[in-house]
Amino acid sequence: MLKVGYIGLGLMGKSIARNILKAGFPLVVHNRSRAAVDELTAEGASPASSPAEVARQVDVVFTNLPDTPDVEKVVLGADGILDGAHPGLIWVDNSTIRPAAARTLSLRLAERGVLALDAPVSGGDIGARDGTLTIMVGGPAEALEKVMPVFMAMGKKVTHVGEAGAGQVAKAANQIMVAAQMVAMGELLIFAQKAGVDPQRVVEAIKSGAAQCWTLDVKPPRLFAGNRAPGFKAYMQAKDLNIILETAREYGIPLPSAAVDAQLYNAMLQNGMGELDNSAVIGIIEELAGERLNTKDSKDTE
């Protein structure tokens, strides 16, 4: 059985690591803050003091970090994965970063005999907890074949998209659609309410038709209950949209809708809403419309 390392135990990373541990894989963990390491150590994982220490001990090392510079530091920096690399090691990145950076990192690691998979995920905190994530993978097929048993502990669908960076391109495409859905949902809820119609009934009327999507199935009950706590934090959605626009400029791709969505999410950050759920972009629409979504007294905790 593969020995697995996991670096980055945030909102999703800790749940993913826990599912890997529950599946029976020996697990070594590292995180910048200690609490999550202690929690998983109590459940059977082994702690490590640095990314290099993790890499030295394992067959596969995962990272799940906020942004491109964080991944670059953990891989290439002092006491990073490269310092602990050994031939045959496989690095798997669950982070969402720039496709160009994923390609560069894979080349640097290949110089040390390390295979790299960029494998960002979709499904939010619920998917991470339940082991139902969608995993989109770029990199060599032989590395994917070896890591597939671990992926099966994390998610329900794994797609090999292409070579290095292809997984990150797929995740960027995913985030274009996610942002568009979140913004459209916020618009339709405020549209319905300000036009004098119960938005909950509107959602019931349209969610089984052509407008059906995961966002409309999952997010309205939370918003109607007054719950805007994350799932997937708005500042991460803003970060992903900025990656998308940077990549679009690199290839000369027009993305007018994504550019507007990026403005709305960056406005959330400016208004102190970055730690809220990405569905809380409705708050910017509320401010523009001068209309606050009516909510129930009860709080949805899911």
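Take the sequence shown: its letters are residues 48 to 349, numbered as in our numbering.
Quick reminder that beta carbons are idealized off the backbone N, C-alpha and C, glycines included.
| query | result |
| --- | --- |
| Short check: CB of LYS50 to CB of VAL105, under 9 Å? | yes |
| With DSSP as the reference, label ASP324 as helix, strand or coil. | strand |
| Secondary structure at LYS204, three-state DSSP: helix, strand or coil? | strand |
| If we call anything under 9 Å between Cβ atoms a contact, is LYS343 one with ALA272? | yes |
| Using CA coordinates, which residue listed in GLU333, ALA226, ALA305 is at the minimum distance from ASN318? | GLU333 |
| For the stretch 82-138, which segments carrying the alpha helix (DSSP H) assignment without a break, of at least 4 residues, lie completely within its bounds, in sequence order? | 82-89, 98-104, 115-123 |
| What's the C-alpha gap between GLU119 and LEU152? | 8 Å |
| Do ILE253 and GLU338 have their CB atoms nearer than 9 Å? | no |
| Nearest by alpha-carbon distance to GLY174: which of GLU189, LEU154, PHE198, VAL184 is it? | PHE198 |
| CA-CA distance, GLY124 and GLY212? | 21 Å |
| Roughly how many whole angstroms lie between the Cα atoms of VAL122 and ALA132? | 10 Å |
| How long is the line joining the alpha carbons of GLY243 and LYS280, rounded to whole angstroms? | 31 Å |
| Return the chain-ordered ranges of every alpha helix (DSSP H) run that is complete within the stretch 173-231 and spans a minimum of 4 residues. | 188-201 |
| Does the beta-carbon of GLY57 have 16 or more other beta-carbons within 10 angstroms, so that it is buried, or is it exposed? | buried |
| Ends of the beta strand (DSSP E) at ALA242? | Counting along the chain, ALA242 falls outside any beta strand (DSSP E), and DSSP gives it neither H nor E. |
| What number of angstroms, rounded off, separates the C-alpha of ARG150 from the C-alpha of ALA306? | 25 Å |
| Could you tell me how far apart the beta carbons of LEU156 and ALA148 are, in whole angstroms, since I believe they sit closer than 8 Å? | About 12 Å; that fails the 8 Å criterion. |
| Note down, one range per segment and in chain order, each beta strand (DSSP E) of at least 3 residues found wholly within the stretch 264-342. | none |
| For GLN228, which residues in the same chain have their Cβ closer than 6 Å to its Cβ, ignoring the five residues on either side in sequence? | CYS260, THR262 |
| Taking only the alpha-carbon atoms, compute the straight-line gap between LEU112 and VAL139 and give it to the nearest angstrom. | 12 Å |
| Could you tell me which of PRO146, VAL107, SER97 sits nearest to ASP126, measuring between CA atoms? | SER97 |
| Can you give me the C-alpha to C-alpha distance between VAL75 and SER93, rounded to a whole angstrom? | 5 Å |
| Using alpha carbons as the reference points, say which of GLU189, VAL194, ASP177 lies closest to GLY202. | ASP177 |
| Please name the residue in LYS204, ILE290, GLY321, MET59 whose C-alpha comes closest to that of ASP172. | MET59 |
| Quick one: grab the DSSP three-state call for GLU349. | The predicted model places GLU349 with a pLDDT of 41, which falls under 50 and marks its position as unreliable; any figure quoted below should be read in that light. Residue state, collapsed to three classes: coil. |
| What does the alpha-carbon distance come out to for the pair VAL316 and ASN289? | The displayed chain sequence assigns Leu, not Val, to residue 316. In a straight line, the C-alpha of LEU316 is about 13 Å away from that of ASN289. |
| In or out: SER142 buried (at least 16 other Cβ within 10 Å) or exposed? | buried |
| How long is the line joining the alpha carbons of PRO267 and ASN274, rounded to whole angstroms? | 10 Å |
| Reducing DSSP to helix, strand and coil, say where ALA163 ends up. | strand |
| Let me make sure I understand the geometry here. Which of VAL194, VAL328, LYS241 has the alpha-carbon closest to that of MET283? | VAL328 |
| So for LEU56, helix, strand or coil by DSSP? | coil |
| Distance, Cα to Cα, GLU234 vs ASP324? | 16 Å |
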